[in-house]
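Single-structure report; data block below.
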Amino acid sequence: MLYTLSHSPWQVDIHALLRLVRSGDDILLMQNGVVAALHDSRYLAALLASPARVVALHNDVEARGLGAQISSSIDTISYTEFVNLTVKHASQMAW
(Lines of atoms letter the chains of each structure in order from A and count residues from 1; the text may use other names and numbers.)
(Lines give C-alpha, C1' and ligand atoms only; values in the text may rest on other atoms or scores of the structure.)
Protein backbone atom coordinates (compact mmCIF):
# COMPACT_ATOMS: atom_id res chain seq x y z
CA MET A 1 0.00 0.00 0.00
CA LEU A 2 1.17 3.51 -0.77
CA TYR A 3 0.22 6.08 1.86
CA THR A 4 0.51 9.73 0.86
CA LEU A 5 0.61 12.36 3.58
CA SER A 6 -0.12 15.77 2.07
CA HIS A 7 -1.18 17.63 5.22
CA SER A 8 0.91 18.89 8.09
CA PRO A 9 1.29 16.16 10.73
CA TRP A 10 -0.28 18.60 13.20
CA GLN A 11 -3.52 18.56 11.16
CA VAL A 12 -4.00 14.80 10.79
CA ASP A 13 -3.94 11.78 13.07
CA ILE A 14 -0.53 10.56 11.96
CA HIS A 15 -0.53 7.86 14.65
CA ALA A 16 -3.70 6.36 13.12
CA LEU A 17 -1.89 6.24 9.78
CA LEU A 18 1.09 4.53 11.39
CA ARG A 19 -1.14 1.86 12.96
CA LEU A 20 -2.22 0.85 9.44
CA VAL A 21 1.17 0.47 7.77
CA ARG A 22 2.79 -2.90 7.22
CA SER A 23 6.14 -4.14 6.03
CA GLY A 24 6.47 -3.51 2.31
CA ASP A 25 4.33 -0.37 2.42
CA ASP A 26 5.63 3.07 1.47
CA ILE A 27 4.77 6.44 3.01
CA LEU A 28 5.24 9.43 0.74
CA LEU A 29 5.42 12.84 2.39
CA MET A 30 4.25 15.51 -0.03
CA GLN A 31 2.93 19.06 -0.01
CA ASN A 32 2.74 20.17 3.67
CA GLY A 33 3.32 16.58 4.80
CA VAL A 34 7.06 17.05 4.24
CA VAL A 35 7.13 18.96 7.54
CA ALA A 36 6.94 15.58 9.30
CA ALA A 37 10.46 14.83 8.05
CA LEU A 38 12.09 17.81 9.74
CA HIS A 39 15.15 16.92 11.77
CA ASP A 40 14.15 16.58 15.45
CA SER A 41 10.42 16.71 14.62
CA ARG A 42 8.34 14.82 17.15
CA TYR A 43 6.78 12.93 14.24
CA LEU A 44 10.06 11.88 12.66
CA ALA A 45 10.86 9.18 15.25
CA ALA A 46 7.38 7.68 14.89
CA LEU A 47 7.70 7.60 11.09
CA LEU A 48 11.13 6.00 11.22
CA ALA A 49 9.93 3.37 13.72
CA SER A 50 7.17 2.25 11.35
CA PRO A 51 7.69 -0.86 9.20
CA ALA A 52 7.13 1.20 6.03
CA ARG A 53 9.72 2.99 3.95
CA VAL A 54 9.30 6.76 4.32
CA VAL A 55 10.25 9.17 1.54
CA ALA A 56 9.54 12.82 0.77
CA LEU A 57 8.83 14.48 -2.56
CA HIS A 58 11.92 16.52 -3.42
CA ASN A 59 10.07 19.35 -5.19
CA ASP A 60 7.79 19.91 -2.19
CA VAL A 61 10.74 19.96 0.21
CA GLU A 62 12.52 22.54 -1.95
CA ALA A 63 9.36 24.62 -2.55
CA ARG A 64 9.13 25.11 1.21
CA GLY A 65 12.82 25.91 1.61
CA LEU A 66 13.34 22.90 3.88
CA GLY A 67 16.14 21.10 2.05
CA ALA A 68 18.72 21.68 4.79
CA GLN A 69 16.26 20.86 7.59
CA ILE A 70 14.99 17.47 6.40
CA SER A 71 16.40 14.49 8.29
CA SER A 72 19.11 12.58 6.47
CA SER A 73 17.14 9.43 7.39
CA ILE A 74 14.44 10.44 4.88
CA ASP A 75 15.20 10.01 1.19
CA THR A 76 13.76 12.57 -1.19
CA ILE A 77 12.34 11.36 -4.48
CA SER A 78 11.45 12.86 -7.85
CA TYR A 79 8.05 12.90 -9.55
CA THR A 80 9.26 10.00 -11.71
CA GLU A 81 9.99 7.96 -8.59
CA PHE A 82 6.55 8.93 -7.25
CA VAL A 83 5.01 7.46 -10.42
CA ASN A 84 7.08 4.30 -9.88
CA LEU A 85 5.60 4.00 -6.37
CA THR A 86 2.08 4.21 -7.80
CA VAL A 87 2.97 1.41 -10.23
CA LYS A 88 4.48 -0.68 -7.42
CA HIS A 89 1.40 -0.37 -5.20
CA ALA A 90 -2.02 -1.28 -6.57
CA SER A 91 -3.66 0.56 -3.66
CA GLN A 92 -3.12 4.05 -2.32
CA MET A 93 -4.50 5.84 0.71
CA ALA A 94 -4.26 9.63 0.96
CA TRP A 95 -3.96 11.42 4.32
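For the sequence shown, this note's numbering assigns the number 705 to the initial residue and increments by one for each residue that follows. In this text, a Cβ means the ideal position worked out from N, Cα and C, and glycines have one as well.
Practice task
Would you mind reading off the limits of the alpha helix (DSSP H) that contains Y783?
Solution key: As a working note, residue 783 is residue 79 in the sequence shown. For Y783, the uninterrupted alpha helix (DSSP H) run begins and ends at Y783 to K792, by DSSP.
Exercise for the section: Could you please give me the residues that DSSP links to I718 through a beta bridge? Expected result: Numbered from its first residue, the sequence shown carries residue 718 at position 14. According to DSSP, I718 bridges with nothing at all.
Exercise for the section: For A741, count neighbouring C-beta atoms within 10 Å of its own C-beta (all shown protein chains included) and say buried if the count is 16 or more, exposed if not. Expected result: Position 37 of the sequence shown holds residue 741. Classification for A741: buried.
Exercise for the section: Please confirm if the stretch 787-798 is in contact with the stretch 771-778, defined as three or more CB-CB distances below 8 Å between the two stretches. Expected result: no
Practice task
Using the DSSP secondary-structure output, state which residues sit across from M734 in a beta bridge.
Solution key: Within the sequence shown, the letter at position 30 stands for residue 734. In the DSSP output, where bridge partners are listed per residue, M734 has none listed.
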